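A.B. asks: Here the numbering used here = 1-based position in the sequence shown + 208. Dropping a structure here in structure tokens format, bear with me for questions.
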Amino acid sequence: MSTQTLIESNELFIGGGWVSPQGSDRIDVFSASTEELIGSVPDGTNADIDAAATAARNALQDPQGWSSWSVDERASAMERLADAMDKRSEEMTTRISMQNGMPIAIAQQLEGVFPQVLLRYYAGLVRGTDFEEERAGLLGGTIIVKKQPIGVVGAIVPWNFPQALAAFKLAPLLAAGCTVVMKPSPETVLDSLTLAEAIIEAGIPDGVINIVPGGREVGAYLVEHPQIDKVAFTGSTPAGRKIAARCGELLRPVTLELGGKSAAIVLDDADIASSVENLFSATLLNNGQTCFLGTRVLAPRSKYDEVLAVFGGLADALTVGDSMDPATQIGPMASKRQQERVEGYIAKGKSEGARVVAGGRPTGQEQGWFVQPTIFADVENSHTIAQEEIFGPVLSVIPYDNDEQAIAIANDSEFGLGGSVWTGDAERGEAMARRVQTGSIGINHYMIDPAAPFGGVKQSGLGKELGPEGLQAYLSTQSIYKTQGGAGAGAP
Ligand code: NAD
Numbered sequence: 209m210s211t212q213t214l215i216e217s218n219e220l221f222i223g224g225g226w227v228s229p230q231g232s233d234r235i236d237v238f239s240a241s242t243e244e245l246i247g248s249v250p251d252g253t254n255a256d257i258d259a260a261a262t263a264a265r266n267a268l269q270d271p272q273g274w275s276s277w278s279v280d281e282r283a284s285a286m287e288r289l290a291d292a293m294d295k296r297s298e299e300m301t302t303r304i305s306m307q308n309g310m311p312i313a314i315a316q317q318l319e320g321v322f323p324q325v326l327l328r329y330y331a332g333l334v335r336g337t338d339f340e341e342e343r344a345g346l347l348g349g350t351i352i353v354k355k356q357p358i359g360v361v362g363a364i365v366p367w368n369f370p371q372a373l374a375a376f377k378l379a380p381l382l383a384a385g386c387t388v389v390m391k392p393s394p395e396t397v398l399d400s401l402t403l404a405e406a407i408i409e410a411g412i413p414d415g416v417i418n419i420v421p422g423g424r425e426v427g428a429y430l431v432e433h434p435q436i437d438k439v440a441f442t443g444s445t446p447a448g449r450k451i452a453a454r455c456g457e458l459l460r461p462v463t464l465e466l467g468g469k470s471a472a473i474v475l476d477d478a479d480i481a482s483s484v485e486n487l488f489s490a491t492l493l494n495n496g497q498t499c500f501l502g503t504r505v506l507a508p509r510s511k512y513d514e515v516l517a518v519f520g521g522l523a524d525a526l527t528v529g530d531s532m533d534p535a536t537q538i539g540p541m542a543s544k545r546q547q548e549r550v551e552g553y554i555a556k557g558k559s560e561g562a563r564v565v566a567g568g569r570p571t572g573q574e575q576g577w578f579v580q581p582t583i584f585a586d587v588e589n590s591h592t593i594a595q596e597e598i599f600g601p602v603l604s605v606i607p608y609d610n611d612e613q614a615i616a617i618a619n620d621s622e623f624g625l626g627g628s629v630w631t632g633d634a635e636r637g638e639a640m641a642r643r644v645q646t647g648s649i650g651i652n653h654y655m656i657d658p659a660a661p662f663g664g665v666k667q668s669g670l671g672k673e674l675g676p677e678g679l680q681a682y683l684s685t686q687s688i689y690k691t692q693g694g695a696g697a698g699a700p
């Protein structure tokens with residue numbers, strides 16, 4: 209695809225308007241499919257974070273501002289933002305698909321629609337909700353229990369689902385009455401220009417949402433900024449560990465949505481040949497660049513060849529191509545670095561003795577950061593490709609002998625984010641699902657639902673996003689002892 213005009217901005221969205229950056233460096237963005245330059249924006253600096261954090265703090269503390277609005281007023285504003293984003297859905301999805309290689313048909317749903325679903329979901333959740341209740345004290349007297357916005361949020365998002373993962377944070381934090389400084393990943397910055405236009409149109413008050421694109425140093429500066437009250441991070445486990453350490457020192461609340469290496473457990477009664485569409489979403493969605501995917505396929509030894517045939521056939525039949533082509537099912541990796549990383553894991557899998565059933569070789573495309581969907585057989589769970597997150601279209605099919613062994617293999621991972629169980633017997637599937645140490649798991653499918661808390665265990669993260677639980681992460685609780693109970697009974 210050749211781009212007509214470059215998407216360029218010389219300003220940052222801070223304090224409700226477009227302001228000149230403090231530095232002069234720029235972030236250039238390239239098409240993942242064609243490697244052409246498609247746009248550029250200012251590279252945010254620490255000084256820009258200072259300005260954004262001050263704007264967010266002022267907006268939080270404005271006595272007539274966002275945090276003091278009634279929940280109904282905030283909910284209406286969030287719905288206006290969703291409407292403004294609906295109008296820009298095509299521009300948003302086009303920009304994202306060009307930047308990170310997400311197939312446009314997937315981007316239209318998950319980036320063009322899902323963020324608005326989340327905004328409307330949280331608007332509905334808080335509308336009419338009282339954030340204050342009065343309780344009778346155990347020792348007599350009356351207590352007011354007040355839920356209040358946790359404060360200014362530092363939100364750091366990755367490039368794989370830039371708007372959906374931003375909305376995982378924006379929707380609940382707005383509903384809670386917080387304000388935010390958001391740092392998009394350098395690979396995907398052009399879509400946040402579209403978001404800023406929608407924010408302006410929706411009349412979200414100045415300074416409630418501020419956007420400063422930048423790299424990891426600027427992200428690290430945001431994490432420890434004195435004006436930030438809570439950090440919400442989605443990204444890799446190594447980065448999450450550093451952020452958690454810093455937040456630990458600062459005693460700063462933090463939510464971490466990190467990497468995964470989930471198991472897709474195929475039971476011996478499963479008819480997976482009839483579930484290929486669901487299998488695709490659960491294991492290869494977005495070119496394999498999705499954190500919750502079941503990239504370890506556990507197959508009963510009695511049906512091992514059958515499972516390999518289904519996955520091999522699926523991988524071979526996928527249309528690999530320009531992400532902007534509506535027929536494309538697997539687009540390129542988001543960056544050259546990511547392509548090299550995935551190819552490195554494919555080489556590692558071969559060198560550790562795994563057998564290539566599909567893919568495993570370069571695609572032959574001269575331009576674009578493509579990787580052939582690759583299925584490995586004869587993988588042991590101890591192999592590098594079964595233990596480390598690859599973040600590309602590469603699946604490891606691991607044999608097991610009985611259900612107990614399947615559970616043991618599924619749980620033998622440092623991660624615990626998603627997963628799935630494939631079976632003809634829903635009850636058996638549920639019983640197995642309950643035993644997997646993971647934050648979320650699906651039976652015969654895997655799809656995130658706004659009403660369900662999402663987040664990992666073990667090295668996959670801390671805390672939950674989505675659902676009512678996701679709102680709690682942006683609220684703090686104050687108790688006011690309104691009237692006194694029994695004399696002296698409350699002494700510590
Ligand atoms: P990454 O950790 O390198 O970067 C993610 C974001 O964090 C970027 O904006 C980056 O600039 C910033 N960052 C990196 N190091 C930082 C630091 N020390 N302090 C502050 N900010 C820092 O990850 P990535 O390569 O962009 O994204 C892919 C990773 O994200 C994968 O591991 C994937 O599993 C994970 N991910 C997790 C979820 C989830 O919900 N659990 C969702 C999507 C992606």
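Built from N, CA and C at the ideal position, the CB exists for glycine as well. Since we're looking at a predicted model, the values are computed, not measured.
(1) Within its chain, find whatever has a CB closer than 7 Å to the CB of N218; leave out the 5 residues flanking it on each side and keep chain order.
(2) According to DSSP, is M655 part of a helix, a strand, or is it coil?
(3) Out of M306, G529 and T503, state which residue places its alpha-carbon closest to the alpha-carbon of Y553.
(4) For the candidate residues L475, G675 and T536, whose alpha-carbon lies nearest to that of E638?
(5) Quick one: Cα of G411 to Cα of A292, how far?
(6) Any heavy atom of the ligand NAD within a distance shorter than 6 Å of the CB on W577?
(7) Look at the alpha carbon of A315 and the alpha carbon of V397, and state the distance between them as a whole number of angstroms.
(8) So T442 and A523 are in contact, right, with Cβ under 8 Å, and what is the actual spacing, rounded?
(9) P276: which of L516, L382 and G600 sits nearest, CA to CA?
(10) Have a look at A481 and A566 and give me their C-alpha separation to the nearest angstrom.
(11) Does the beta-carbon of N368, which I'm using as the reference point, lie nearer than 6 Å to any heavy atom of the ligand NAD?
(12) Suppose contacts are defined by Cβ-Cβ distances below 7 Å. Is I235 in contact with P421 by that definition?
(13) Measuring only the C-alpha atoms, how far is L268 from C386?
(14) Would you check if the distance between the CB atom of K391 and the CB atom of I364 is smaller than 7 Å?
(15) Quick check on E281: buried or exposed, where buried means 16 or more other Cβ atoms within 10 Å of its Cβ?
(16) At the level of alpha carbons, what is the spacing between E425 and Q435?
(17) Is N486 closer than 7 Å to I203 when the C-beta atoms are compared?
(18) For a minimum of 3 consecutive residues, which ranges assigned as the beta strand (DSSP E) are wholly contained in the stretch 463-545?
(19) Do you know how far the Cα of Q307 is from the Cα of E574?
(20) Can you tell me whether DSSP reads T582 as helix, strand or coil?
(21) Using C-beta distances below 6 Å, list every residue in its chain close to T631, excluding the 5 sequence neighbours before and after it, in chain order.
(22) Based on DSSP bridge pairs, tell me the residues matched to G662.
(23) Cα-Cα, which of P607, F662, V564 and L403 is closest to R303?
(24) When every heavy atom of the ligand NAD is checked, does at least one fall within less than 6 Å of the C-beta of E701?
(25) Does the beta-carbon of E465, which I'm using as the reference point, lie nearer than 6 Å to any heavy atom of the ligand NAD?
(26) According to DSSP, is P357 helix, strand or coil?
(27) Taking the alpha-carbon of A164 as reference, which of A260, N254 and D513 has the nearest alpha-carbon?
(28) For M655, does the count of other Cβ atoms within 10 angstroms reach 16, so buried, or fall short, so exposed?
(29) Check whether the stretch 348-355 touches the stretch 448-463, taking contact to mean three or more Cβ pairs, one atom from each stretch, closer than 8 Å.
(30) Does DSSP put Q645 in a helix, a strand or coil?
(31) Taking the Cβ atom as the reference point for each residue, do A507 and A618 lie within a distance shorter than 7 Å?
(32) What's the gap between the Cα of A594 and the Cα of G663?
(33) If you draw a straight line from the C-alpha of E560 to the C-alpha of C499, how long is it?
(34) Quick check on H653: buried or exposed, where buried means 16 or more other Cβ atoms within 10 Å of its Cβ?
(35) Could you compute how far the alpha carbon of D633 sits from the alpha carbon of I473?
(36) Please tell me whether A379 and E319 are closer than 7 Å, where the distance is taken between their beta carbons.
C.D. replies: In this structure, then:
(1) The answer, listed in chain order, is P250.
(2) Coil.
(3) For the options M306, G529 and T503, the alpha carbon positioned closest to that of Y553 is the one of T503.
(4) The option with the nearest alpha carbon to E638 is L475.
(5) Distance between the alpha carbons of G411 and A292: 10 Å.
(6) Answer for W577: no, Cβ out of range of the ligand NAD.
(7) Rounded to the nearest angstrom, the two C-alpha atoms are 15 Å apart.
(8) Wrong, their Cβ atoms sit about 27 Å apart, outside the cutoff.
(9) Before going on, a small fix: residue 276 reads as Ser here, not Pro. When each option's Cα is compared against that of S276, the closest is L382.
(10) If I take the Cα positions, the gap works out to 17 Å.
(11) Checking every heavy atom of the ligand NAD against the Cβ of N368, one is found closer than 6 Å.
(12) Yes, the Cβ-Cβ distance between I235 and P421 is below 7 Å.
(13) One C-alpha to the other measures close to 7 Å.
(14) The beta carbons of K391 and I364 sit closer together than 7 Å.
(15) It counts as exposed.
(16) So the alpha carbons of these two residues sit roughly 17 Å apart.
(17) With the chain covering 209 to 700 only, the question about residue 203 has no answer from this structure.
(18) Within the stretch 463-545, the beta strand (DSSP E) runs of at least 3 residues that lie entirely inside it are, in chain order, 471-474 and 504-508.
(19) Rounded to the nearest whole angstrom, the CA to CA distance from E574 to Q307 is 18 Å.
(20) Note: T582 maps to strand in three-state DSSP.
(21) The beta carbon of T631 lies closer than 6 Å to those of L475, D477, A478 and G637 in the same chain, with the five residues before and after it left out.
(22) The residue you asked about is not Gly; residue 662 is Phe in the sequence shown. Looking at the DSSP assignment, F662 forms a beta bridge with E673.
(23) In terms of CA proximity to R303, L403 leads the group P607, F662, V564 and L403.
(24) Missing from the structure shown is residue 701; the chain here goes from 209 to 700 and no further.
(25) Yes, the ligand NAD has a heavy atom inside 6 Å of this Cβ.
(26) The DSSP-derived three-state label of P357 is strand.
(27) Beyond the ends of the chain as shown, which are 209 and 700, falls residue 164; an answer cannot be given.
(28) With fewer than 16 other Cβ atoms within 10 Å, it is exposed.
(29) Contact between the stretch 348-355 and the stretch 448-463 is absent, because fewer than three Cβ pairs lie under 8 Å.
(30) It is coil, neither helix nor strand.
(31) In this structure, A618 does not lie closer than 7 Å to A507 by Cβ.
(32) A594 and G663 have their C-alpha atoms roughly 21 Å apart.
(33) Distance between the alpha carbons of E560 and C499 is about 24 Å.
(34) Its Cβ having fewer than 16 others within 10 Å, H653 is exposed.
(35) So the two alpha carbons sit approximately 13 Å from each other.
(36) No, they are not a contact pair.
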